[in-house]
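2 protein chains.
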Amino acid sequence: MGMTSVNSSSGGTGGPGSAKPLRADAQRNRERILAAAEAVFAEKGPSASTEEVAARAGVAIGTVFKHFPTKQALLQAIMKGLLGRLDGEMAELAADDAPGEALFTFIDRMVEQAARKRTVVGLLAETGVDLQVASSVRMLREGIEALLVRSQEAGAVREDVRLDEVIALLTGICQGALQAGWDDDLRRRTLAIVFAGLRAPERH
Amino acid sequence: MGMTSVNSSSGGTGGPGSAKPLRADAQRNRERILAAAEAVFAEKGPSASTEEVAARAGVAIGTVFKHFPTKQALLQAIMKGLLGRLDGEMAELAADDAPGEALFTFIDRMVEQAARKRTVVGLLAETGVDLQVASSVRMLREGIEALLVRSQEAGAVREDVRLDEVIALLTGICQGALQAGWDDDLRRRTLAIVFAGLRAPERH
DNA sequence: CACTAAGATGAGTGGAAACTCAACTTTATA
DNA sequence: TATAAAGTTGAGTTTCCACTCATCTTAGTG
Numbered sequence: 073m074g075m076t077s078v079n080s081s082s083g084g085t086g087g088p089g090s091a092k093p094l095r096a097d098a099q100r101n102r103e104r105i106l107a108a109a110e111a112v113f114a115e116k117g118p119s120a121s122t123e124e125v126a127a128r129a130g131v132a133i134g135t136v137f138k139h140f141p142t143k144q145a146l147l148q149a150i151m152k153g154l155l156g157r158l159d160g161e162m163a164e165l166a167a168d169d170a171p172g173e174a175l176f177t178f179i180d181r182m183v184e185q186a187a188r189k190r191t192v193v194g195l196l197a198e199t200g201v202d203l204q205v206a207s208s209v210r211m212l213r214e215g216i217e218a219l220l221v222r223s224q225e226a227g228a229v230r231e232d233v234r235l236d237e238v239i240a241l242l243t244g245i246c247q248g249a250l251q252a253g254w255d256d257d258l259r260r261r262t263l264a265i266v267f268a269g270l271r272a273p274e275r276h
Numbered sequence: 073m074g075m076t077s078v079n080s081s082s083g084g085t086g087g088p089g090s091a092k093p094l095r096a097d098a099q100r101n102r103e104r105i106l107a108a109a110e111a112v113f114a115e116k117g118p119s120a121s122t123e124e125v126a127a128r129a130g131v132a133i134g135t136v137f138k139h140f141p142t143k144q145a146l147l148q149a150i151m152k153g154l155l156g157r158l159d160g161e162m163a164e165l166a167a168d169d170a171p172g173e174a175l176f177t178f179i180d181r182m183v184e185q186a187a188r189k190r191t192v193v194g195l196l197a198e199t200g201v202d203l204q205v206a207s208s209v210r211m212l213r214e215g216i217e218a219l220l221v222r223s224q225e226a227g228a229v230r231e232d233v234r235l236d237e238v239i240a241l242l243t244g245i246c247q248g249a250l251q252a253g254w255d256d257d258l259r260r261r262t263l264a265i266v267f268a269g270l271r272a273p274e275r276h
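Sequence order for the protein chains is A and B. If you count the first sequence from 1, position 140 lands on 212 in the numbering used here, and the numbers rise without skipping. If you count the second sequence from 1, position 51 lands on 123 in the numbering used here, and the numbers rise without skipping.
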């Protein structure tokens, strides 16, 4: 679970193994920038300035904009990385033994992360997240759906719960988790209520 | 339920019926500004510009800043009004016949509002909302607590649910409700899950 | 109606942050 | 090692927005 590589063969608009193989220093800087950006945005949210990212990465602003032509692009790159990792984690959980609990575990982990990473949540709230990221989001969506279905088959989640509601709940709680005062205990208690709702048989 | 008056005897730092009784046109403008601000911020979130508010109110920017010395002050004034109205609604519900359902009704209404008013939620997410507004927030908190207790006494909500969790859930779902794609149906389904969780007896 | 203080006006100021580019530095290759 | 293409730099440029203030307008009073 250490260092999933966060490259993506630079900036082609879609080409697979596309154009140029980045010089060594450029590659290094790209990764530094990504790491710095993730840290900065995680702390201060997506409104943190690009200059701060540059400073933390130890490069000049120009370099940041060389690699990511707009702030949006940088944000999207981060998003893609986060979603990718999430996706991996999800696959792991899906392969696990406790099919019923997998969904719950995943939600718990994601919410826990969100509390520390304002980026994800900030981005979800922003209007234009589409484009490149869209495919990652779709992957994530499908992954969650798989977990949901498995949990339902295992009888751990009500049959009438649909993917949309799970995602709505997930994004909502993630957003809420940013609020001051969400400690581990509150998170556990709050999720317990939601989980109870997902498990509970319908009441007239 | 038409027009709850949104004045508050102008801008004293605390004095009760404090200083000057506002000229007639000033009073009119103040209300126009408040209404315009509520509309603008509801649509575009708290990052909308003050100039837009002024334009919509049909006054000059200077006038806005005459009445509300900072943008924060304007935001707070709106917040205060919203919270006040919410508080009234809550009192009404508390006096109602169905003690068990009052909490659920309130949550439902608040989330519905949130979907249309980015202000509330945007503000809750901002860091410095305290100060003047704090007392209104406390009132709201107490009101929710009353509803919760009544619901529990009526046996409609699990005994072990605490105020913190309800508020966490409420803010979370409100935040989430801003997302694109939250229509009435999704809201109903999502809240149904949460309500089931609040009602459900604990599972081992 | 005359007068004045409260209020309204809107061009202007300051600052913050995204983005550019001409000059300079480094990597990779012959 | 010489050279060119790739990469880096950071001082601008531009845009946007909160906030100010000298000047004009109007409500209220005798």
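Where a beta carbon is used, it is the ideal one built from N, C-alpha and C, also for glycine. Being a predicted model, the structure only gives us computed values, none of them experimental.
- At a cut-off of 8 Å, the C-beta of G269/A has a neighbouring C-beta in chain B.
- Using a Cβ-Cβ cut-off of 8 Å, G130/B is close to nothing in chain A; its nearest Cβ partner there is about 28 Å away.
- A Cβ-Cβ distance of about 17 Å is found for the pair A111/A and R100/A, leaving them out of contact under the 8 Å criterion.
- Here G215/B is not near G172/B, since their CB atoms are 8 Å or more apart.
- The beta-carbon of T122/A is placed no less than 8 Å from the nearest beta-carbon of chain B.
- Not a single CB atom of chain B sits nearer than 8 Å to the CB of L175/A.
- In this structure, I239/B lies away from L241/A, with their beta-carbon atoms at least 8 Å apart.
- In the DSSP assignment, L155/A falls within the unbroken alpha helix (DSSP H) covering K143 to A166.
- For D180/B, none of the residues of chain A pass the 8 Å Cβ criterion, the least Cβ distance being about 14 Å.
- Annotation for A268/B: no residue places its beta carbon closer than 8 Å to its own, counting only its chain and skipping 5 residues before and after.
- Pairing G244/A with G244/B gives a Cβ-Cβ distance under 8 Å.
- Cβ-Cβ separation between I105/B and V131/B: approximately 7 Å, consistent with a contact (criterion under 8 Å).
- No Cβ of chain A is located within less than 8 Å of the beta carbon of D256/B.
- Per the Cβ contact rule, the stretch 157-170 of chain A is in contact with the stretch 178-187 of chain A (3 or more Cβ pairs under 8 Å).
- E173/A sits in coil when the DSSP states are folded into three classes, being neither helix nor strand.
- Among the residues of chain A, those whose CB is under 8 Å from the CB of R234/B are R261, following chain order.
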